[in-house]
Structures are given as C-alpha cells and as structure tokens.
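Here's the structure, in structure tokens; my notes come after.
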C-alpha cells in the first residue's frame, strides 16, 4: 500500500496497489488453510466418504449379527453401540457433510459466483464437522452411546446411560449442528446475493433451488435439536429434570423436539437429491426439465408441509385422537408434491433421446427406489396401520428406501456426473455400470425383504430374534444383499481412485450440460470464471452453444454465398 | 428394477419388466400373510381391522407402484437415444400437471376414506360375550389425557400393564383400592376368551412399547404417561410379542405373551392366584405375630425392665369400655367400636361382624384370642386381613385384659 500520497493529485479513480502477493501455499498446508469453496468442498466429500466406509462397516457387522437367529457374534452392548454409531454416522457424518460438500463445490459454479459469500466461515464450518466426528468416535476409547441415533430420554439420561458415550453424542450433534447452521446461512446468502447477471429466480437451476430450500429447513430445525440436546446435557450434568418424569419432566418433550428437527431432516437429506436428479435427467434426455415452476413449487410445498408433520413418528405414544388424525392427513399431503415431482421427472424423459451414462443409471435407480419408499410411507402415515408397523423392520426398510434411494443414489449420480468437473478426469463407465448394478441390486435384496421381516413381527434394534415366521430366511437374504451392496460401493471407490490416477481427460463439458459449471475449465481455476456470461434462461449452456453455432454458421453461409 | 434401466437391448429390458411385475404379483395371489402383509391372524378384532386396512391400502399402492414403475420402464425403453431421433423440446403441460396433482390428491382422499371407515373396528372395543369375565365395577380405569378403551356397556376385564427393564408386569384390577393384593403375573398374561380386555399401559423406568402383533398395534409405555388399548380373543392359545421400543441392552429379551383360556378356566386360575396371595399374606402375618409374641415374652422374662415402660396399673382401674369406644390413640390401637357393632357400647358399625352375635358362643379366653389373632377364625361373610393384627403390641396386657373383660360382660351380661 504505497499508493495515495505519492500519486498525482489529478487521479480520480481510487486504486489499490499491492507490493507483492503472497506466493500460493502448496502441499498439505494449502489444504489446511484453504478458504476456497472448491477445496473445502473436496475435503468435505473425502471426509464424508471415510465416514461412509466406517458407517458401512458398522452396518455389515449389524447384518452379520442378524444373519442367523439367536446369534452370539456380538454382545447386546456392542450391538446397541453399533446401530447407534451407524445411524448417527450416516446422518450426521456422511450424508449431511456429503451434501454440504457437493453444494459447496457446485452451487457457486452453477450461479456464476467466484466463491461462497463467507469463505472463512465456510472453512470454520468444515473444521467443526471434523471436530464433531472426532469427538463422537473418541467415545470408542471408553464406552460409546447405546441409545440409538434418536437417543430417547429417559434412556439417554444418566440413570440409564451412565457412560459418557451419550455426552459425546450430544457434542457431535452440537458441533455438526453448528457446521450445518452456518453452512446453511452461507449458502443462503450466496444464493440470494451472488448469482450471475440475468439469473433471476425463474432461471436459477433446480439443484440450487433445492439447496436454498434445504438451507432454510436447516436454519429452522437445527436450533431446535441444539436446544433439545442442551436440555439433555443439563439433565445429565447440572441437575435439571427436563426429561425426567420422576421429577415432573416429560419424556415426550424430547420426542417432540427431536422429531421437530428429525422430520425436516429427512427433507434436508432428500431435497438436494431431488435437485441433482432434476439436473441430470434433462441433460441425458436431451430435453428441458418438464414443468420447472411446478418442481420449484413442489419443493417449497414439501418444505412447508414437511415441517408440520413431525408427530407421525409418535403415533404410538399417548396422543389425543385429533392429533393422530391431523398428523396423518398432513403426512398424506406431502405425498402430493412428491408425486408431482416424480411425474415431472418421468415426463422430462418422455419423448426424449435418453442416454445411459452411469449418472443417469443412478438417477433411474433413484426414481424406482424412491418410488417404493414413498409408497410405503403412505402405509406408515396411516396411524392405525402404523400401530402395527411402527418400530419394526418395515420402518427400517422404508427409511432406507427413502434415504438411500432419495439421497445416496442421487449423490452417487451426482458424483459420476460432476467428477469430471471436479478432477478434470472421467470415471470408468464400464466399472461404474458394474458398481451400479451391484449397488442397486444389493440394496433391493437387502431392504425389500426387510418389509416382510417387519410384517412378520420383527422389531428394530434387537440384537437377536427367534426363528419364527421365516425370520431366519428373511434376515439371511438381507445379509447377503448387504455384502453385494458393499461390494458395489467399494467398486465406486476403486473407480474414483483409478479415475484420479489415470482417467481420460474430460474437457470442460463432457456431458453437454445445461448449467454454468460446464462453462469453465475442468477443474475450474481458483477464481472459477474469468468472464461470467449473462444468463438468459434456465439452460445457459444451451444458449451459449446455440450462439456459437449461429456465429459459426454466419461466416459459413457467407462463404457459400460468395462461392456460388 | 435393475433390469429395467440398463442400456441393454430392448428385449432384456422388457423381459426384466415382466419378471419384476411377475415377482410382485405371483406371491400376492398365494401367500399373502407374512411376506406382503401383517402376519397376524385370528387374534383380536382390532388386529383384524388393521390387517384388512393394510391390504386395502396395499391394493391401491400396488396399482400405483406397478403403474408408475411401468410408466418409468416404458419411457426409458421407448425413448432411448436412437440415431436420427431428436428429443422433443417440450417444457411442460399445464393440463397434464394439474391433472396428476388432482389425481394424487384423489388417491389420498380415497385412502383417508378407507381409513376412517375401518377406524371404528380398530379403536373401539366391542362388548364381551355373554360368558365373558369382567372386573368389578369400581375397578374401572379413570380417564387421563388418553382415553381408556372401554366397551359400550362398560364391562371389561381391566389389567394394568407395567413395563420395566426388561420385564412386563400385569396386575388384575379388583374391587378394593389396594393394588398390593391384586392378582399379578410377569411376562405371561392369562386372559379369558370372549372377553374384552382393557389394558392400562405404563412404564416405571424408561420407555417401552407393548406389542402382541396378533392382538392389535403397539402402544408405548412412556414413564409419566398412561396409554390404553384393548383386545378380545376368540380362540384359546398363546399369543406372543415383545417390547418394541429400544429400552436398553436387554431390549431384545423383553418378551411378552398372552395366554387365552376359557372363561371358566380363567376363573379357576384367578381364584387360585387370589387364594395363593391370601395364603402368603396369612403366612406372613402369622410369622409376624409369632415374632411379636416372642419379643413380648422375652421382655416379660427380663427382670430389670427399663423404667421407660409404664408400670401396668391395676386391672380394675382400667376402663375396658373406653378402650372399646376410643381405642388407645397414644399407641395407635384403633377403637373396636369404629368397625364392630356392640349394643352396650352404643356402636353399630358394620365393617366387621356384630360382636353381640358372633361372640355369643365364645368365652373370655376365645375373645382374647380373636383380638390378638383375628385371622385365625373368620366369621362367615367377612374377609381375612382387614382387622389390625397389632393389638398384642398396642395394648398392654392389663389393657387387653380389661378390654376382654368388658366385651365378655357386654356380650354375655355381668
């Protein structure tokens, strides 16, 4: 800053002169200190996949224990700790960071921004997530929580869970909660303020729309779970009795608070998936999305209704009859916008020219799987039927169909779709298709039969069961399926490692995409865009391609005219 | 589904579609129970109601799944990229979109209607059969925030179900307000067939969930709250279930069963249980009295009695009538007259037998025996265990003798 005084007095335009720029850091230090949304996004995704592997191993151990009736492989204590860690890991340490990571990378590129609105907050958000993961898995050194990912009070109170495992769970929820909250604020501010010129709300890509709505849901629901676990913490350590019925507290308070977060959480996990699918289907059908406005409206409707139906997780507790009816009908209402979306996606493909790269296959896997997950949701929303199905393997099957179908398959599609953008290299399509086939079939084998296990009377969260009503057969099928599923996921990891090393060069736009991220080189430079084009539709890349074609044609036509 | 969406030749996809639909439909026609629907049969009308509601929704759901799934499969197959075919650049169709929004809403209205039609059978208990068993009228549950499940005529067998780590306890309501003398059992509940059984479900430590699949849905036992459900079993047998809400390490072993027997067999079982409880109580009382008598004897035998103990006053100085009418409040000896009728004392209470009548054949020694050990011989029509057993302790021997003398004279004349 040697400027102002020495410069000539007639200089009207203020300028900043820099003596020297810090040389860019390199190696691991550059990653640790980065505030670049792309690097933070990559770190999020890599860490999330590490937790996916951990959560997956926990799932396989659970399935091994349940493979045969009356198994003694794991102790009840270990088993309860495993399903607690599996659920918590998959929700808080795999899906949420994976979604945030992908959005961190893709959203600024899609809207033509050069970074997130608050880059340092973005980095803080990432490191808090890592801290949450370490605090939670630190409990492995003493005694992990055994109360399930829902940690119902009073089971999670000190009287019944004296070990500090529950405390580490509470701190995980706090730390990853702060991660999600400030991440959501960051994304919200970025999307509302930093869009490319011309990108009015009617031209925002659908993935960005879903991330915007998802951010709002997080901002609404995260403070509630943060409050709920804080009350649990004070109950456990500072002598309060919020959830202690023997001193006037209420166990149902925990359930209401937890599910007021827990149900919107479902949409927090699947809405981004809806967005990814809404980007991929048009590209590979070579058609515009069918009913853009309807899909945006459906997204908003799902968010609003989804915030008001939490007690359908509580149909079996003592509730007044009118509440049962209210929450049943409210839950039915969610099915309408969801159904609208499914039809819009199908009609996006209708009369298209559909291509089948791996990301499209995963999108179709998403459609089929999520369809069944949505339909079984109607059974559970009907409270008398839920009385029979609640807390059985039918529910386990249902939420895996919605979450794995709605979120994980969509994220897999997103990985295969955006990997070339992030790394500049293509993934192996053949290996990807094998991986897809194993993942999808493994998933259906594992979880379809679990509906039957639940209908035959098997409750969830039991470490052993008697061999009645074919339960032994059902569980063996499920366990076999889980290993096929695991192999499928493993092959995608192999594919990613292979792609990083020796994948074919992708170029800026390998799929002929519709949105702005395909405008910049792969991987994008630090500043993302040298020039941000003016946006004229939902599909800016189509506009640009058309314009280039026109420009190419003009001299051509001129040439032919001259020649004739 | 996998077969549907591969980019393989057309025939494979079509074949796959047929195989998948076939796989869904074939078992539907043969073995519905357990695989595609709740595995509960022949239990209770509410379980039957849920089961039939499930299958009604299942039929609608199957049509939607096959319809929409088929549409996806057809679209993917029919509009796969082929050389020379261009994608049609449609951006939407308002009529179509309004159509499927309304369509989805109508399907949900249909499901709601079906549910409300079935609700009565599932929620509201019917009356017991003519030979059904019912709890005494004053043993009915008092309504809380959730409503007790009571049949229209108000006659049901009422059982308290309490969950605790990792055990279910059942207590059968009876006429008195004392729940400690109720018939109870753990893990297996015995009930009569043809009887509407109303359950009051509570928890004592953490949350549990009562669930016997054949006898209706789950009802959570939440500490601090009360939940209610019911069942009515037509066929004798054992119906099994288990706790359905994670309650700790022993959750998987917290099993429950309901054994349904004929009403006659149930009455026998109930009477046996009641008698066993009374006998156990009597044994305990006898042992306690024996212990007290021993202590008293030991105290008497001791020559240097502590000064604290009052020196017994001469028998003549003690007013037996006063003890009969007012008791000895200082030691907690209750007044005889507050429960027993005795003409001479002017009392006409009817909790215990009329002493003018029942003591007529007894001499003084027998009267004394009856005061000290009231359960030894019980007047016809009266229950054991109601009269206090502590007169040997609360009255000094002089007071007791004065009381016996008074009663003896009052009944037989001086």
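Residue numbers (our numbering), protein chains in the order written: chain A, 91 to 654; chain B, 33 to 446.
Where a beta carbon is used, it is the ideal one built from N, C-alpha and C, also for glycine.
Note that this is a predicted model, so its numbers are computed, not measured.
query, result
"One question on the structure: do residue 627/A and residue 633/A come within less than 7 Å of each other, judged by their Cβ atoms?", "yes"
"With C-beta atoms as the reference, is residue 600/A less than 7 Å away from residue 510/A?", "yes"
"Quick one: complete beta strand (DSSP E) runs, 3+ long, within the segment 153-216 of chain B?", "189-196 and 199-204"
"Show which residues of chain B have a CB atom less than 7 Å away from the CB atom of residue 289/A.", "Per Cβ cutoff of 7 Å: no residues; residue 289/A is ~18 Å from chain B at best."
"Are there 16 or more other CB atoms within 10 angstroms of the CB of residue 207/A, so buried, or fewer, so exposed?", "buried"
"Can you give me the Cβ contacts of residue 274/A inside the same chain, cut-off strictly under 6 Å, excluding the 5 residues immediately before and after it?", "305, 308 and 309"
"For the segment 384-391 of chain A against the segment 285-300 of chain A, do three or more pairs of beta-carbon atoms, one drawn from each stretch, fall closer than 8 Å, so that the two count as touching?", "yes"
"Straight-line CA distance for residue 413/A to residue 406/B?", "55 Å"
"Just to confirm before moving on: does the CB-CB distance between residue 69/B and residue 86/B stay below 7 Å?", "yes"
"Regarding residue 519/A and the ligand ZN, is the C-beta to nearest heavy atom distance less than 6 Å?", "Judged by which ligands are present, the structure shown has none, so any question about the ligand ZN falls away."
"Taking one C-beta from the segment 564-584 of chain A and one from the segment 517-526 of chain A each time, how about it: are there three or more such pairs within less than 8 Å?", "yes"
"Quick check on the burial criterion: 16 or more other C-beta atoms within 10 angstroms. Buried or exposed for residue 327/A?", "exposed"
"I need the boundaries of the beta strand (DSSP E) containing residue 232/A, first residue and last residue.", "Unbroken run through residue 232/A: none, as it is neither H nor E."
"Helix, strand or coil for residue 231/B, going by three-state DSSP, please let me know.", "strand"
"Assuming residue 157/B contacts residue 130/B (C-beta within less than 8 Å), just tell me the rounded distance between them.", "Residue 157/B to residue 130/B, Cβ: 44 Å. No contact."
"Can you list, in chain order, the residues of its chain with a C-beta nearer than 8 Å to that of residue 90/B? Leave out the 5 residues immediately preceding and following it.", "68 and 69"
"Are the C-beta atoms of residue 455/B and some chain A residue less than 7 Å apart?", "This structure leaves residue 455/B out entirely; chain B is present only between 33 and 446."
"Tell me whether the segment 398-409 of chain A and the segment 525-545 of chain A touch, counting them as touching only if at least three CB pairs, one residue from each stretch, are closer than 8 Å.", "no"
"Taking 7 Å as the CB-CB limit, is residue 489/A close to chain B?", "no"
"Does any residue of chain A bring its CB to less than 7 Å from the CB of residue 210/B?", "no"
"Going along chain B, which residues have a C-beta under 7 Å from residue 461/A?", "97, 100 and 101"
"List the whole-angstrom C-beta distance separating residue 266/A from residue 222/A, where the pair is believed to meet the contact cut-off of C-beta under 8 Å.", "4 Å"
"Within 10 Å of its beta-carbon, does residue 329/B have 16 or more other beta-carbons around it, so buried, or fewer, so exposed?", "exposed"
"Among the residues of its own chain, which have a CB less than 6 Å from the CB of residue 61/B, if the five just before and after it don't count?", "Bear in mind that a pLDDT of 44 at residue 61/B, under 50, signals an unreliable position, so the number given afterwards is only what the model happens to contain. The answer is none, since no qualifying residue turns up."
"How many Å lie between residue 113/B and residue 215/A at the Cα?", "43 Å"
"Quick one, which residues of the segment 229-258 of chain B are near chain A if we go by CB-CB under 8 Å, in chain order?", "237, 238, 239, 241, 243, 245, 248, 249, 250, 251, 252, 254, 255, 256, 257 and 258"
"So what's residue 313/B in DSSP terms, helix, strand or just coil?", "helix"
"Quick check: the segment 242-252 of chain A against the segment 164-184 of chain A, are there 3 or more CB pairs under 8 Å?", "no"
"Less than 7 Å between CB atoms is the rule here; does residue 85/B satisfy it with respect to chain A?", "yes"
"In chain order, what residues of the segment 423-436 of chain A put their CB closer than 8 Å to some CB of chain B?", "423, 425, 426, 429, 430, 432, 433, 434 and 436"
"Buried or exposed: which applies to residue 433/A, given that a residue is buried once 16 or more other Cβ atoms fall within 10 Å of its Cβ?", "buried"
"What residues of chain B sit near residue 377/A, judged by a beta carbon separation below 8 Å?", "119, 120, 121 and 122"
"Does the beta carbon of residue 381/A come closer than 7 Å to any beta carbon on chain B?", "yes"
"According to DSSP, what are the bridge partners of residue 262/B?", "230/B"
"Examine chain B for any beta-carbon lying closer than 7 Å to the beta-carbon of residue 238/A, and answer yes or no.", "yes"
"Pull up the distance between the alpha-carbon of residue 271/A and that of residue 312/A, whole angstroms please.", "7 Å"
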